[in-house]
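To keep things clear, I will list the structure first and then write my remarks on it.
Number of protein chains: 2
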Amino acid sequence: MQSEIRKYLEKHGVRPSLQRLAVMEYLRTHRTHPTVDEIYEALSPQIPTLSRTTVYNTLNRLVEQGAILVIDIDKGNRRYDGFTEFHAHFLCDRCGVLEDIAVEDSHFVGQHTPPGAQIRDVQLLYKGVCAGCRQKESKNIA
Amino acid sequence: MQSEIRKYLEKHGVRPSLQRLAVMEYLRTHRTHPTVDEIYEALSPQIPTLSRTTVYNTLNRLVEQGAILVIDIDKGNRRYDGFTEFHAHFLCDRCGVLEDIAVEDSHFVGQHTPPGAQIRDVQLLYKGVCAGCRQKESKNIA
DNA sequence: TCTATTTTTGTAACGATTACAAAAATGTAA
DNA sequence: TTACATTTTTGTAATCGTTACAAAAATAGA
Numbered sequence: 016m017q018s019e020i021r022k023y024l025e026k027h028g029v030r031p032s033l034q035r036l037a038v039m040e041y042l043r044t045h046r047t048h049p050t051v052d053e054i055y056e057a058l059s060p061q062i063p064t065l066s067r068t069t070v071y072n073t074l075n076r077l078v079e080q081g082a083i084l085v086i087d088i089d090k091g092n093r094r095y096d097g098f099t100e101f102h103a104h105f106l107c108d109r110c111g112v113l114e115d116i117a118v119e120d121s122h123f124v125g126q127h128t129p130p131g132a133q134i135r136d137v138q139l140l141y142k143g144v145c146a147g148c149r150q151k152e153s154k155n156i157a
Numbered sequence: 016m017q018s019e020i021r022k023y024l025e026k027h028g029v030r031p032s033l034q035r036l037a038v039m040e041y042l043r044t045h046r047t048h049p050t051v052d053e054i055y056e057a058l059s060p061q062i063p064t065l066s067r068t069t070v071y072n073t074l075n076r077l078v079e080q081g082a083i084l085v086i087d088i089d090k091g092n093r094r095y096d097g098f099t100e101f102h103a104h105f106l107c108d109r110c111g112v113l114e115d116i117a118v119e120d121s122h123f124v125g126q127h128t129p130p131g132a133q134i135r136d137v138q139l140l141y142k143g144v145c146a147g148c149r150q151k152e153s154k155n156i157a
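Same order as they appear, the protein sequences are chains B and L. Its first residue numbered 16, the first sequence is counted upward by one per residue in my numbering. Its first residue numbered 16, the second sequence is counted upward by one per residue in my numbering.
See below:
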């Protein structure tokens, strides 16, 4: 596990420090698209000296090097995705859960390019209300 | 023109005050996906007493009522879109320009819904470098 | 070991957005 | 019209995620 993460970082030109390994491994083992604070809180017990700034720095570096993706949704906190293969996301407006959606990419990638432009990234986001929140709301009304 | 904007607001349950009409009309006549500040600066000459807070309030209200869309891209400022029919966007990483892209919506809307969820909005964003910025960069290198 | 470079850390600053309360505008009823 | 209630606007202060910065710690190379 750890050695795979190490190779993954090196492949993307990121030196595998303790903190970077921990952040990268967290993203690879938690497909919840966590925020900076969620990552910081989760890793603090293991790395008591960890600083929030380090988490910010690390994530920014990983994004620059193409090792992870940023997802900017709604207001507030940025979220991160350790898996860069093309896939869509579903965001629940109510509880904020953000899920992966498998999508055939042929309809998106390489399509709809403005003349002369070069596309580097395609983001497809579905927004709405998840099954759980719909159930809660229907109970409240009834 | 003005009366159409007025009808549009009323259709969405928003009372057509002077400020709201101005913001809504600005979005319908400038398809540049402006930021709060761009809207504020543009309308200040016409409405000298205009407050930035009013622009924020108005935009939030319009979004709530489904009259306009928010686009959260990268870090920094939120951008607004006065046209709610489905279309994709292209964002230039370099100059920040955000353009509409006409897209056949059959591949997206109503597709890929997680079980039990209700979809309200679909956002498709292409990121890359626009024709103009590519040209500038190739000149700098040569 | 010694030295240069990179990384981490904590604090302070920044900036977009929101909270809040007062002032202004608008609507309604007599 | 007047009086009163409601909505909207406005300006300031607060909030909060993120970044800037400089010192401390860790790491790499000779």
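Backbone N, C-alpha and C fix where the C-beta goes; we use that ideal spot for every residue, glycine too. Since this is a predicted model, take the numbers as computed values, not measurements.
Practice prompt. Return the chain-ordered list of same chain residues with a C-beta closer than 8 Å to the C-beta of F123/B, the five sequence neighbours on each side being excluded.
Written response: If we look at F123/B and ignore the five residues flanking it on each side, its Cβ neighbours are F101, V137 and L139.
Worksheet item: Given a threshold of 16 other Cβ atoms within 10 Å of its Cβ, counted over all protein chains shown, does H45/L qualify as buried or as exposed?
Response: Around the C-beta of H45/L, fewer than 16 other C-beta atoms lie within 10 Å, and the residue is accordingly described as exposed.
Worksheet item: How would you write the range of the alpha helix (DSSP H) that I54/L sits in, first residue to last?
Response: Segment V51 to L58, the alpha helix (DSSP H) holding I54/L.
Discussion item. Please tell me whether A103/L has its Cβ less than 8 Å away from any Cβ of chain B.
Written reply: Interface residue, yes.
Discussion item. Less than 8 Å between the C-beta atoms of F105/B and P129/L, yes or no?
Written reply: Yes, they are a contact pair.
Fill in: Buried/exposed call for C110/L, threshold 16 Cβ in 10 Å
By the Cβ-count criterion, C110/L is exposed, with fewer than 16 other Cβ atoms from all chains shown falling within 10 Å of its own Cβ.
Discussion item. For a minimum of 3 consecutive residues, which ranges assigned as the beta strand (DSSP E) are wholly contained in the stretch 112–155 of chain L?
Written reply: Taking only runs of at least 3 residues, the beta strand (DSSP E) segments lying wholly in the stretch 112–155 of chain L are 113–116 and 133–144.
Worksheet item: Using a Cβ-Cβ distance under 8 Å, would M152/B count as near chain L?
Response: In the sequence as presented, Met is not what sits at residue 152/B; that position holds Glu. With 8 Å as the cut-off, E152/B does not count as an interface residue toward chain L.
Worksheet item: Name the DSSP beta bridge partners of C107/L, please?
Response: In the DSSP output, where bridge partners are listed per residue, C107/L has G143/L.
Worksheet item: Could you check where the beta strand (DSSP E) with R21/B kicks off and where it finishes?
Response: DSSP places R21/B outside any beta strand (DSSP E); the residue lies instead in the alpha helix (DSSP H), whose first and last residues are Q17 to K26.
Practice prompt. Spell out the partners DSSP gives C84/B in its beta bridges.
Written response: Inspection of the sequence shows that residue 84/B is occupied by Leu rather than by Cys. In DSSP, L84/B forms a bridge with D96/B.
Item to complete: Could you pull out every residue in the same chain whose Cβ sits closer than 7 Å to the Cβ of V112/B, ignoring the five residues on either side in sequence?
Response: Its chain contains C145 as the residues whose beta carbon lies nearer than 7 Å to that of V112/B, once the 5 sequence neighbours on both sides are disregarded; these appear in chain order.
Worksheet item: Given a limit of 8 Å on CB to CB distance, which residues of the stretch 92–116 of chain L reach chain B?
Response: Listed in sequence order: R93, A103, F105, C107, D108, E114 and I116.
Item to complete: Could you tell me the boundaries of the alpha helix (DSSP H) in which Q34/L lies?
Response: Residues L33 to T44.
Worksheet item: How would you label L33/B, buried or exposed, when you count the other beta carbons within 10 angstroms and need 16 or more for buried?
Response: By the neighbour-count rule (16 or more Cβ atoms within 10 Å), L33/B is not buried but exposed.
Worksheet entry | C-beta atoms of L24/L and P31/L nearer than 8 Å | It is a contact, given that the beta carbons lie within the stated cut-off.
Worksheet item: Between the beta-carbon of T69/L and the beta-carbon of L84/L, is there less than 8 Å?
Response: Result no, Cβ atoms of T69/L and L84/L do not sit closer than 8 Å.
Worksheet item: Going along the chain, which residues of the stretch 124–141 of chain B sit with their C-beta nearer than 9 Å to a C-beta in chain L?
Response: Against chain L - using a Cβ distance shorter than 9 Å - the residues of the stretch 124–141 of chain B are Q126, H127, T128, P129, P130, G131, A132, Q133, I134, R135, D136, V137, Q138, L139, L140 and Y141.
Worksheet item: Quick one: Cα of T73/B to Cα of A132/L, how far?
Response: The straight-line gap from Cα to Cα measures roughly 34 Å.
Worksheet entry | Beta-carbon proximity list for A57/B, same chain, < 7 Å, skipping 5 on both sides | In chain order, Y41 place their CB closer than 7 Å to the CB of A57/B, counting only its own chain and leaving out the 5 sequence neighbours on each side.
Worksheet item: Just checking my contact of R135/L with G143/B at CB under 8 Å: how many whole Å lie between their CB atoms?
Response: That belief holds up - the Cβ atoms of R135/L and G143/B are roughly 5 Å apart, short of 8 Å.
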